[in-house]
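**Q**
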Amino acid sequence: ETGVTQTPRHLVMGMTNKKSLKCEQHLGHNAMYWYKQSAKKPLELMFVYNFKEQTENNSVPSRFSPECPNSSHLFLHLHTLQPEDSALYLCASSQAVNMDTQYFGPGTRLTVL
Amino acid sequence: KQEVTQIPAALSVPEGENLVLNCSFTDSAIYNLQWFRQDPGKGLTSLLLIQSSQREQTSGRLNASLDKSSGRSTLYIAASQPGDSATYLCAVGGFQKLVFGTGTRLLVSP
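Chains as they are written, first to last, in my numbering: chain Y, 1 to 113; chain X, 1 to 110.
#1: Which residue's Cα is closest to the Cα of A87 (chain Y): Y:F64, Y:E24, Y:Q37, Y:H29?
#2: So that I know if they touch, is there some Cβ in chain X lying closer than 9 angstroms to that of A87 (chain Y)?
#3: Just how far apart, CA to CA, sit T101 (chain Y) and S85 (chain X)?
#4: Classify D39 (chain X): buried if its beta carbon has 16 or more other beta carbons within 10 angstroms, exposed otherwise.
#5: For E56 (chain X), collect the residues of the same chain with a Cβ closer than 8 angstroms to its Cβ; drop the 5 residues on either side in sequence, then sort them by chain order.
#6: Who are the near neighbours of K22 (chain Y) in its chain, counting only those whose CB is closer than 6 angstroms to its CB and skipping five residues on each side?
#7: Tell me where the beta strand (DSSP E) around D67 (chain X) begins and ends.
#8: Measuring alpha carbon to alpha carbon, tell me which of Y:M13, Y:L11, Y:K18 ends up nearest L78 (chain Y).
#9: Tell me which same chain residues have a C-beta within less than 7 angstroms of the C-beta of I7 (chain X), skipping the five on either side of it?
#10: May I ask you to report which of helix, strand or coil DSSP gives G83 (chain X)?
#11: Listed in chain order, which residues of the segment 78 to 104 of chain X have Cβ atoms closer than 9 angstroms to some Cβ of chain Y?
#12: Which residue marks the beginning of the beta strand (DSSP E) containing H77 (chain Y), and which one marks its end?
#13: In chain Y, what lies closer than 7 angstroms to L49 (chain X) by C-beta?
#14: Alpha carbons only, please: which of Y:R109, Y:V48, Y:G3 is nearest the one belonging to G94 (chain X)?
#15: Please name the residue, chosen from Y:Y103, Y:T108, Y:V112, that lies closest to V4 (chain Y) on a Cα-to-Cα basis.
#16: Helix, strand or coil, according to DSSP, for C83 (chain Y) in the structure here?
#17: Using a Cβ cut-off of 8 angstroms, which residues of the segment 13 to 37 of chain X contact any Cβ in chain Y, in chain order?
#18: Might you give, ordered along the chain, the residues of its own chain that have their beta carbon closer than 8 angstroms to the beta carbon of R9 (chain Y), omitting 5 neighbours on each side?
#19: Less than 9 angstroms separating the beta-carbons of M46 (chain Y) and W34 (chain Y)?
#20: Could you tell me the distance, in whole angstroms, from the CA atom of S80 (chain X) to the CA atom of Q54 (chain X)?
#21: In chain Y, what lies closer than 9 angstroms to S46 (chain X) by C-beta?
#22: Taking the alpha-carbon of V99 (chain X) as reference, which of X:L33, X:L48, X:A91 has the nearest alpha-carbon?
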């Protein structure tokens, strides 16, 4: 397995469900990111982790809860989401924040019913 | 607050044409600028990264330029091919974050 992987690729959940998205990077990078891509909108940064520490929370609602147990893994825990949270959620990694190319995973297509 | 605009929103060209995609940004205090490609329903693939001290980067048929003072970048694609059909995204790198444009959807017809 190479690059950045994300599971699941597709997820349908009700508003009362709890689910988690997983991201794993096999590039030896130190920084990881969560982005949200909604239809007709630019990609929005959600969270940044640098050496497992959260360094950026872009005013994301608390129903999204990130977790970074180590530099290779990143989770996004979802709880009581709204239909407007339906989007493509993308994970990315880079060697360091700020200066380096970010490498993206294929994304998880989330639908909230 | 950084804002990134891409023009045109969509572009359709015949195979073989050279083309230019445009990106403009409002705050010139940037770390770098990246161009990405996104195929439908897929993640992003990095094409070129230009650091703030650089003026251009080239990779194969792609050439990206950066003019920080005017807040502009262009992506030049030479001899376009049907396989180049995708959405092209410009992203401006600031402190700990990339700010993306809404993209240019490119269709290259055989």
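Glycine residues also receive a C-beta, built at the ideal position from the N, C-alpha and C atoms.
**A** In short:
#1: Position 87 of the first sequence, counted from the first residue, corresponds to residue 87 (chain Y). Among Y:F64, Y:E24, Y:Q37, Y:H29, the Cα nearest to that of A87 (chain Y) is on Y:Q37.
#2: Walking along the first sequence from the start, residue 87 (chain Y) turns up at place 87. Not an interface residue.
#3: In the first sequence, residue 101 (chain Y) corresponds to position 101, counting from 1. In the second sequence, residue 85 (chain X) corresponds to position 85, counting from 1. Those two C-alpha atoms are separated by around 22 angstroms.
#4: As a position in the second sequence, residue 39 (chain X) is number 39, starting the count at 1. That one is exposed.
#5: Here residue 56 (chain X) refers to the residue found at position 56 of the second sequence. Correct list, in chain order: I50, N63, A64, S65, L66.
#6: Your numbering for residue 22 (chain Y) matches position 22 in the first sequence. Only T7, F75 meet the Cβ criterion.
#7: Residue 67 (chain X) sits at position 67 when you count from the first residue of the second sequence. Where D67 (chain X) is concerned, the enclosing beta strand (DSSP E) stretches over 62 to 67.
#8: For the purposes of this step, residue 78 (chain Y) is identified with residue 78 of the first sequence, where counting begins at 1. Among Y:M13, Y:L11, Y:K18, the Cα nearest to that of L78 (chain Y) is on Y:K18.
#9: Working through the second sequence from its first residue, we reach residue 7 (chain X) at position 7. Excluding sequence neighbours, I7 (chain X) sits near N22.
#10: As a position in the second sequence, residue 83 (chain X) is number 83, starting the count at 1. Note: G83 (chain X) maps to helix in three-state DSSP.
#11: L89, A91, G93, G94, F95, Q96, K97, L98, V99, F100, G101, T102, G103
#12: The count along the first sequence starts at 1 and reaches residue 77 (chain Y) at position 77. Start and end: 73 to 79.
#13: Numbered from 1 along the second sequence, position 49 holds the residue referred to as residue 49 (chain X). What L49 (chain X) touches in chain Y: T101.
#14: As a first step, residue 94 (chain X) must be located in the second sequence, where it is residue number 94. Among Y:R109, Y:V48, Y:G3, the Cα nearest to that of G94 (chain X) is on Y:V48.
#15: For the purposes of this step, residue 4 (chain Y) is taken as residue 4 along the first sequence, with counting starting at 1. For V4 (chain Y), the nearest C-alpha among the options comes from Y:Y103.
#16: Your numbering for residue 83 (chain Y) matches position 83 in the first sequence. Cys is not the amino acid found at residue 83 (chain Y); the sequence shown has Pro there. Helix at P83 (chain Y).
#17: Y31, N32, Q34, F36
#18: On the first sequence, residue 9 (chain Y) is found 9 positions in, with the first residue counted as 1. Contacts found: P106, G107, T108, R109.
#19: On the first sequence, residue 46 (chain Y) is found 46 positions in, with the first residue counted as 1. On the first sequence, residue 34 (chain Y) is found 34 positions in, with the first residue counted as 1. Contact: yes.
#20: In the second sequence, residue 80 (chain X) corresponds to position 80, counting from 1. In the second sequence, residue 54 (chain X) corresponds to position 54, counting from 1. Near 25 angstroms, if we compare the C-alpha coordinates of Q54 (chain X) and S80 (chain X).
#21: Here residue 46 (chain X) is taken as the residue at index 46 of the second sequence, counted from 1. Residues of chain Y passing the Cβ test: T101, Q102, Y103, F104.
#22: Reading the second sequence from its first residue, position 99 is the one you call residue 99 (chain X). Answer by Cα proximity: X:A91.
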